[in-house]
Structures are given as structure tokens and as C-alpha cells.
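Chemist:
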Amino acid sequence: MASTLADPALPPRATPARRRQWTTILRQAASLPRARVGLALMAFVIGVAIVGPFVTPHSPTATIVAPFASPSGGAPLGGDELGRDVLSRVLDGGWVLLLMAAAATALGVAAGTAAGVGAAYLQGRWDAAIMRTVDVILAFPQIVLALLLVSIIGPKLWLIVLAVGFSHAPQVARVMRSAALDVSERDFVKATELLGVKRRRIMANEILPNLITPVMVEIGLRLTYSIVIIAGLAFLGFGQAPPAANWGVMINENRSGLVLNPWAVVVPALLIALLTIGANTFTDAVARVTIGVDRQAESGALADALVAVEQP
Amino acid sequence: MSPAIAEHEMTPGNVRVDVQGLQVRLTGTRTDVVDDVSFQVRDGELLGLVGESGSGKTTIALTLLGHTRRGLQITAGHVMVNGTDMASASARELQHLRAAEVAYVPQDPASALNPALRVRTQLVEVLQFHREVVATKGLGDPSARVGQVLEEAGLGATPGILDAYPHQLSGGQQQRVALAMAFALQPSVIVLDEPTTGLDVTTQRHVLDTVRRLSHSYGVAAVYVSHDLAVVAGLVDSLMVLYAGRTVEIGRTADVFGIPAHPYTRRLLQAVPSPERAMTLQGIEGQPPHPTRRPAGCEFAPRCPLAEPACRVSTIPLVSVSAGHVARCRRTELTVGADDRRPPLVPAVQVASADTLLRASGLHARYGSVEVLHGVDLTVGRDECVAVVGGSGSGKTTFARCVVGMHGNWTGEVSFDGDILARLAQSRRRSVLQAMQYIFQNPYTALNPRRTIGTIVEAPLAHFEPSMPRSDRASRVAQVLEDVSLGVDFRDRYPDQLSGGERQRVAIARALVVSPSLLVCDEITSALDVSVQATIIELLRRLQAERDLGLLFITHNLALVRSIAQSVVVLHEGRVVEAGPVETVFERPEDPYTIKLMEDAPTLASAESSATPVEHPPQPLGNV
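Chains as they are written, first to last, in our numbering: chain A, 1 to 312; chain B, 313 to 936.
#1: Give a yes or no on whether 9 Å exceeds the smallest Cβ distance from R18 of chain A to chain B.
#2: Based on Cα-Cα distance, which residue from B:R337, B:P421 and B:R342 lies nearest to T380 of chain B?
#3: Which term fits W722 of chain B, buried or exposed, when burial requires 16 or more other beta carbons within 10 angstroms of its beta carbon?
#4: Please name the residue in A:I160, A:A245 and A:Q171 whose C-alpha comes closest to that of G116 of chain A.
#5: Please list, in chain order, the chain B residues whose beta carbon lies closer than 7 Å to that of R186 of chain A.
#6: Starting from Q352 of chain B, follow the beta strand (DSSP E) in both directions and report where the run begins and ends.
#7: Which residues in chain A sit within 7 Å of F752 of chain B, going by Cβ to Cβ distance?
#8: Which full runs of the beta strand (DSSP E) of 3+ residues lie inside the stretch 25-108 of chain A, going along the chain?
#9: Please classify H390 of chain B: does DSSP put it in a helix, a strand, or coil?
#10: Taking the C-alpha atoms as reference points, what is the distance between G591 of chain B and V873 of chain B?
#11: Examine chain B for any beta-carbon lying closer than 9 Å to the beta-carbon of I50 of chain A, and answer yes or no.
#12: State the DSSP-derived secondary structure class of M322 of chain B, mapped to helix, strand or coil.
#13: Indicate the three-state DSSP secondary structure (helix, strand or coil) for A2 of chain A in the structure shown.
#14: When DSSP labels each residue in this structure, what does Q599 of chain B get in the three-state scheme?
#15: Quick one, which residues of the stretch 710-721 of chain B are near chain A if we go by CB-CB under 9 Å, in chain order?
#16: Kindly indicate which three-state DSSP category T113 of chain A falls into: helix, strand or coil?
#17: Counting along the chain, where does the alpha helix (DSSP H) carrying C714 of chain B start and finish?
#18: Can you name the start and end residues of the alpha helix (DSSP H) that Y530 of chain B belongs to?
#19: Any heavy atom of the ligand GDP closer than 8 Å to the beta-carbon of R430 of chain B?
#20: Between L745 of chain B and chain A, is there a C-beta pair that is closer than 9 Å?
#21: For the pair the stretch 217-224 of chain A and the stretch 130-137 of chain A, tell me if three or more CB-CB distances fall below 8 Å.
#22: Could you give the distance in angstroms between the alpha-carbon of G531 of chain B and the alpha-carbon of V844 of chain B?
#23: Can you tell me where the alpha helix (DSSP H) holding E463 of chain B begins and where it ends?
#24: Pick helix, strand or coil for V503 of chain B, following the three-state DSSP scheme.
#25: Could you tell me the distance, in whole angstroms, from the CA atom of N261 of chain A to the CA atom of V96 of chain A?
#26: Between M313 of chain B and chain A, is there a C-beta pair that is closer than 9 Å?
#27: In terms of residue numbering, what span does the alpha helix (DSSP H) encompassing Y905 of chain B cover?
#28: Compute the Euclidean distance between the alpha carbons of L916 of chain B and E364 of chain B, then round it to the nearest angstrom.
#29: With a 10 Å radius around its C-beta and 16 neighbouring C-beta atoms as the bar for buried, classify E902 of chain B as buried or exposed.
#30: Using the Cα positions of A786 of chain B and L425 of chain B, report the straight-line distance between them to the nearest angstrom.
#31: Measuring CB to CB, does E725 of chain B end up less than 9 Å from S673 of chain B?
#32: What in chain B is Cβ-close to G118 of chain A, meaning under 9 Å?
#33: Along the chain, where does the beta strand (DSSP E) that runs through Y416 of chain B open and close?
#34: How would you label H479 of chain B, buried or exposed, when you count the other beta carbons within 10 angstroms and need 16 or more for buried?
#35: Starting from P209 of chain A, find everything on chain B with Cβ-Cβ shorter than 9 Å and list it in chain order.
#36: Alpha carbon to alpha carbon, what distance is there between V48 of chain A and L274 of chain A?
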């Protein structure tokens, strides 16, 4: 029978044998227009944040024009409340914000996923304990929770990262629990249980890899929330100390001069918006690609036919 | 020409369905899913559309309702239903035609009926929406009509049925409600999409009887879609066999089954197990061509034993075999004469050792406080295959799950190789877990979609023999993949790149890699096409002989039992009603339930006699 299968007369059915799933997912995602738009937006804002500090025309803390001066040759985006160059401050004020947002997101998604998968798979007391804790934390609005922690211990940057990350965890846990509940019911998990494999390994090796889609969605969503909350905390005065440039701080500092020099508020706000939209669009595209694999596993025999039809 | 002359009509009825040159393509591409399909159905005639997954049978059936699934488009041909071309009808016209002129009975009534509405509400709704039709056809008062049509569908119009919500009805009752809904407006055409899949044989039998009775008494033209040849054999008047979106054979049912002219039809029939005889099932190796990679010439040629170079050149026309019986094959003169249709009998397997491998005694299993198994006794010999058969709800799957330790709420004793087993797998010894392997029903959920076939098959080995060097493990994996006829190059693929049959082979390989002595197979072929099922059954038979495996084979399909097992245990409502060697139980069943199961099991035999003699030589038809 093996020889029949290897018969060269048979048309090749599957794609080439070696296939790295991640590269495939990213390649397929990259073929979607929304992924390209998202990537371009993210690349632009991240580029500004990374390259920016090295190309500032002036020191971001030096006063060079009149407060809220209109754009001029020396200061293309005008001056801020203290007459500092808005362009230089925009270029310099992104990287700390982005770094903090990324760290908080990673922390929040990791903690939330662990809690959610644990609750879903271990069931019983674990489920009850984890999810009731989550419910209690969820009762506080995220920003209030972060503010509470920061106001108790003080506005340290690591603490803000920790607080924002921690405030994401319950929401991520809720989503991941329901996704993991579905996966834990599948037969391949039961098959592994029947071998007597440890539960920790089952969660890590069998369940987690099947949660790529919701994890991607959560990363995109939580990244945007992180940026907004961290910028919001900066706006409220918790974050980097005053002379340092920061997009969130800039919006706060300069809103009183919105009519005089709108650029000082609009540009940092626009960059935050572009990044948020970009991150969301891109992760949405990745989710769309991975969902095909998951759906196929669920719907049984019909899937063969449908996949044959849907993916020529 | 008409593809079939229904036997009960001396005066042929009007042509109600006339499909000519139908082509369905993926929207915006030149990839066709269905091409060159033509057929007619007359009043009172039942046409069966049969084919395996992906053959286009449902796509064709849905065009009769003017519907195509998302991403598909009718690109050529016409689909005339009662004089209206459904392919070009507007959405508004379709709204009026559906249910009134052409009705649909779905595969899964549980998901087709609205779970939030009572049966009465749902049925009356259809009649109220088509008020003018009810008036024109003189169907009378809606609620009276509902009672009447439920009565006809074999359900009493009692408040118990009318006021029930769908979930309160059994699967068979739900399907009758769906039938009643379809017949309520006395449509002239009815499309039935595998309406008995998922029902057990007795219920299936009753639903099929209802379908036949209603179709004949209303004189509707009915199209019955099915993958199950045995089901259509006793039901339809004429039959169209589809392969890769093409008609490969069409004719009177007796002719197609009696003198199958297309090699695909012949191979398909050889793959169908029979409860009457222990056949060696012959599957069809390979897979249907992908819609984007259709071969030139005959689509079946790459898998066809009779194919010659000329078959691969250009599109094969339909050829007449006898009156009203045509096939898309150049070599029908070879097929119609040959007598290879009856597959050989299974050589009797000698169960050498009287050694008991697995013994269950007095097994009582519960779900919560409900007892579903009431003292089941069963033994499996060391190299024996024992089949456990029963209808849905008989407790056969629960039994398997108790044995492997997946379901823990049971009492009684299960011993394996002399050891008394703990209830749950977690508390059993590693050697037991290794020696007893379980294969799941659904190969689509049994493999982790994120891991390669190689890692999936290697996992049990890595778990049970962690000290084994990587290279040894790799060669064991390669060996076992060869054993299940997949080959080493499958190692780096992912489950979503495999067909259902290939996935089930991977599941078998995963079980075999740790050299178990007992395989527990829970309905492992029920999600597969019949030609694939045959290859899996033959694989298991070969492995059983080669490796001295004990098999506990759970199935609802009596016919399969005959082809694989040496002993059979019949379960009914959680009790063993009959047990013994397969030959004895099948030839001389004693328990009334066993006898009923045998009677209700659909077989091909009914359709194989009374075929029309073939014309010699077969005549080319040109464009049919």
C-alpha cells in the first residue's frame, strides 16, 4: 500500500513537507492588506520612537522659542508651554512609553494566560479560586487599580509597568479560560491524559499551542490599552519626571495651549493613535489566518471538502 | 433523455427537475467544483446523489434551491425546477419558490430547527409565510394542515409533540418534524441532504420508510443526497454517482448496483461492508483530485486499475450502457462483463490462544446517579478482535471509556493481563497504560493541530521510554508510519494537511508506536468515507495478524463487524443481550433486539437483482 501512495502518477496533494508553522502564519498574514497596513503603521511609529532620540534638532529640554510659538523654521512643529521644541520632544518622547507598554503587555498576557489556562484545565477548586480572584480584581476599573498601586508605592517606572500589566491579567484570564475550556475538551488532550502525562506538561504542550489565535488578539488589544493607560498615567502626572519628554505628558502639558499651537497636542496624540490602530489591525490579520487551522479541527469530515474549496 | 424510468410509473410523470450542463466554480476563478452535470427527475421519482466527501453532491443539491455556499457561483448550465431556472431567479422569486415549490430537509435537524420555538410555532410559521400558496393549493387552515402533515410524517399531532421544543424530541422525531415541514406546502420537488446521518439503524429505517411513503403518496420529485450506498440502495429509483464534481454514472438503481459500469462505482461497492457475508473490504487508495489540480482526461484515472494512456488525454464523454444507464468511462466493455464486484470472503481467522487478555465482569457504569451499564461481562483473547455493537444510547462508548480509564464512575471488575485495573487511567500502572491504547472516533479532533505528525507519534514513546536515544525513537516512528502505510515523509506535516483517513492512520500509528497488546477502537471509521473505511479496516486486520494484537472494536455498524471481528457482543440499553462468535450470532441470532438490528441494517443486496441487460457494444452518447 505504501508503494501505491508513493506512486509518482498521483498528483501531489499536500504542500512541501517541511513547513514551519510560524513562518507560514506570518507569510499568510502578510498577504492580507490589513496586515500590511497594520505593519506599516506600527513600523512608522516604532521607527519614530527608536530613531527619534538620535536625530532631535534641539535638546528636548532646552527652551528655544516662545511658549506655544507657532511652527517656524527653527521649530517646525512650534513650541510647547515652556518654549521647548515640540518636534524634538516628540522624537525623544516615544521610546520609554513604547518600552513600558510592551513590557506591561507581555507581563499581563503571560500572567493572564497562565491563570486562564490553569483555571480551565485544572477545574474544581483551582478554577473557583482563580476566577473568584479575577472577579474581585475586575470590579476595579483598570486605571483606578493602576493609580491605586502607584499612589501607594510611588511613581516608579517599573511599578507602573507592573501595575498596568497586573491590571490586564484578570481580563486576559477570562478570555483565555473560555478559549482553553474549548481546547481541553478535544480528544487529543484526552489522548495525552490516557498516557499518564503530567497535567503541567499537557497545559504547556497540548493546550497552549492551540491558543495562538486568542493570545495574538489579546496582545494586540492589551498593547493598545497599555499605551493608553501609561500615557494616561503620564497625563495624570505619574510616570517620567517632568522635564523628560513623553507623549502622554506632552498632551497634558500642552492642552492649555491647544488653540495657540495645536501641534504640541495633536502630534503625540496622533502617534499614539496610529500605533494602537496598527497593532490592532496586524494582530487581527494574524488571528484570521490562524483561525482557519483551529476551525478545521472542530468541524470534522466536512472540513476536508471545505478546505479544498476555500484554499485553492 | 431521462436517466431512469421509475418502476411504479407506467405513464412517466412530468419532468419537474431538469438540470443541464451545470457548472459551479469558486467565485472569480476558473476552478470548478462541479462541472458537466445533467439530470432530470420526474414526478414521483426519487433520485439518489451519491459520492464521497468533496464530490460535489451537496453543492448540486443546493443549486436546486437556488443556493450556493459562500465562495461558490453557478457559472454555466441551467437548473430548471418546475419550469423556473433557479440559477437565474431573483432573491424575491427564490423566497417564494423555496418551501412552496422546492423544499429542503437538512442533515442535522437538531441544528435546523429553532431551539427556542415550539414545534407547532415553527410549522405554522411556514404555512403563514406562504399564505397565498396555502390558499391556491387549498391546504386549508394552517393548524389543521400541521396536524395532518405531522400525522403523515408518522408523528401523532398530539400536544406532546406540537408543544414540545426540538430538544425534547429524539433525533428521529426531530427529523420527522423536518420532513413534515418540508412536505407541509406540498412542494413539487424536495431535496433531502443525508437526513439519516447520525440516526441509529432502527430510527434510520423508520425515517427512510417515511421518506419513501411521503414521496410516493405526494408524487413529488425527490433528490436524496447520501454518502451511504447501502441506504440509497433500498430507497431511490435512480442513482447518480459523483466523483470530483462530475457525474460518473447514472441510471436506474438496480442497473447501477447490478451492473456498475464505471470503475469508481465498482470500487466503491467493493468497499461497502455487508452484514450478510464476511467480505474482504477493498478500499480505494489515493485521494480524489484537488479542485485546482484536476488531471487531464478522466478524473479517476490516477486511481483507476483500468486506466490506459488514452484515458488521460481529453474529457471523457458519457457512454450508454443500457437503456437509461450511462457511465463516463471509455472502457465500460471491460467493467460490465467482469465479475469482480463481489469481494472475496475473509479468510477465517483462527484464534489460537485461549489466553484471556482483557476481562470485564459485572461492570456497572453511571453518569451522576443514572446507571447506563448494568453489569456487562466481556472477555478479549490475546489476539482476538471482539466487536461491541449497539444503537445510540446502548452504552458501548461508555463501556470503552471505562475500560481505558477515561470514565471513572463505575463498579465491577476489569482485569488486564492478570492485573485488576484501577478506575481511572491516572491511577493505573505505566505498563498497563502502555499496553492498552485507545483510538478516538473523530480523527479531526484526536490530533493536536499545532504539532507535526512526527512529534504526535513520538509523544507516547518519549513518555513511556524516556531513556531511548532520539535516533532510536525516530526510527521507531518511521517504522510505525510505514506500518500504517503513510511513509516517513509524513513526519514533518501537520494534521491539517492530511485527509481524514490519513489522520486516522496517524492515530493508529500513535497507538502502535509503544507496542501495545490491546487496541480499543471507538467507532474509528464512522467519520470516514466508505472507501477510506475499507482501507482502515484492512489495515487493522493486517496489524492484528502481524502483531498479535487484541482488538476491542466498538461500532454501530453491523456490517463492519462481519469483516473484522471474531467475536461479537451486542449491547442494548446497557445490557449484553447476545454474545458469541461472529458467524454464530450473525447466522442464527437469538435475541429479538439482535434480530431487529439485523433486519434494519441497510444492505446493498436489495438493489442488486433485476438489472437491465447491457447493450453491446456500449454506445457513445455525445452530450447528455
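Just so it is clear, CB atoms sit at the ideal spot from N, CA and C, and this is done for glycine as well.
Modeler: The structure says:
#1: In this prediction, R18 of chain A has a pLDDT of 40, which is less than 50 and means its spatial position is unreliable; nothing more can be read from the coordinates.
#2: Among B:R337, B:P421 and B:R342, the Cα nearest to that of T380 of chain B is on B:R337.
#3: By the 10 Å Cβ count, W722 of chain B comes out buried.
#4: By alpha-carbon distance to G116 of chain A, the top candidate from A:I160, A:A245 and A:Q171 is A:Q171.
#5: Chain B residues near R186 of chain A: T757.
#6: Start and end: D344 to R354.
#7: Going along chain A in sequence order, the residues near F752 of chain B (Cβ under 7 Å) are D187 and A191.
#8: The stretch 25-108 of chain A contains no whole beta strand (DSSP E) run of 3 or more residues.
#9: Taken through DSSP and simplified to helix, strand or coil, H390 of chain B comes out as strand.
#10: Here residue 591 of chain B is Met; the residue named in the question, Gly, does not match the sequence. One C-alpha to the other measures close to 10 Å.
#11: The beta carbon of I50 of chain A sits no closer than 9 Å to any beta carbon of chain B.
#12: The predicted position of M322 of chain B is uncertain, since its pLDDT is 41 and thus under 50; no value can be drawn from it.
#13: Because A2 of chain A sits at a pLDDT of 37, beneath the cut-off of 50, its placement in the model cannot be relied upon, and the following sentence gives the value as read from the coordinates. If DSSP states are grouped into helix, strand and coil, A2 of chain A belongs with the helices.
#14: In the three-state reduction of the DSSP assignment, Q599 of chain B falls in the coil class, being assigned neither a helical nor a strand state.
#15: Here the close residues are V716, G717 and M718.
#16: T113 of chain A sits in a helix when the DSSP states are folded into three classes.
#17: Annotation for C714 of chain B: the continuous alpha helix (DSSP H) segment containing it runs K708 to V716.
#18: Element bounds for Y530 of chain B: V513 to Y530.
#19: Only the bare structure without any ligand can be found here, which leaves the ligand GDP out of the picture.
#20: Taking CB atoms only, L745 of chain B has a neighbour in chain A less than 9 Å away.
#21: Too few Cβ pairs lie closer than 8 Å, so no.
#22: In this structure, the straight-line span from the alpha carbon of G531 of chain B to that of V844 of chain B is close to 36 Å.
#23: Membership of E463 of chain B in the alpha helix (DSSP H) is indicated by the continuous run P454 to E464.
#24: It is a strand residue.
#25: Cα to Cα, the separation comes out at about 24 Å.
#26: At M313 of chain B the pLDDT is 40, less than 50, meaning the model places this residue with poor confidence and gives no usable figure here.
#27: Boundaries of the alpha helix (DSSP H) around Y905 of chain B: P904 to D912.
#28: Rounded to the nearest angstrom, the two C-alpha atoms are 17 Å apart.
#29: With fewer than 16 Cβ atoms within 10 Å of its Cβ, E902 of chain B is classed as exposed.
#30: Those two C-alpha atoms are separated by around 50 Å.
#31: At the C-beta level, E725 of chain B and S673 of chain B come within 9 Å of one another.
#32: Identification of chain B residues near G118 of chain A by a Cβ-Cβ cut-off of 9 Å yields none; the smallest Cβ-Cβ distance measures about 18 Å.
#33: Boundaries of the beta strand (DSSP E) harbouring Y416 of chain B: V414 to V417, taken from the DSSP string.
#34: H479 of chain B counts as exposed, since fewer than 16 other beta carbons sit within 10 angstroms of its beta carbon.
#35: Those within 9 Å of P209 of chain A in chain B are N760, P761, R762 and R763.
#36: The alpha-carbon of L274 of chain A is positioned some 12 Å away from that of V48 of chain A.
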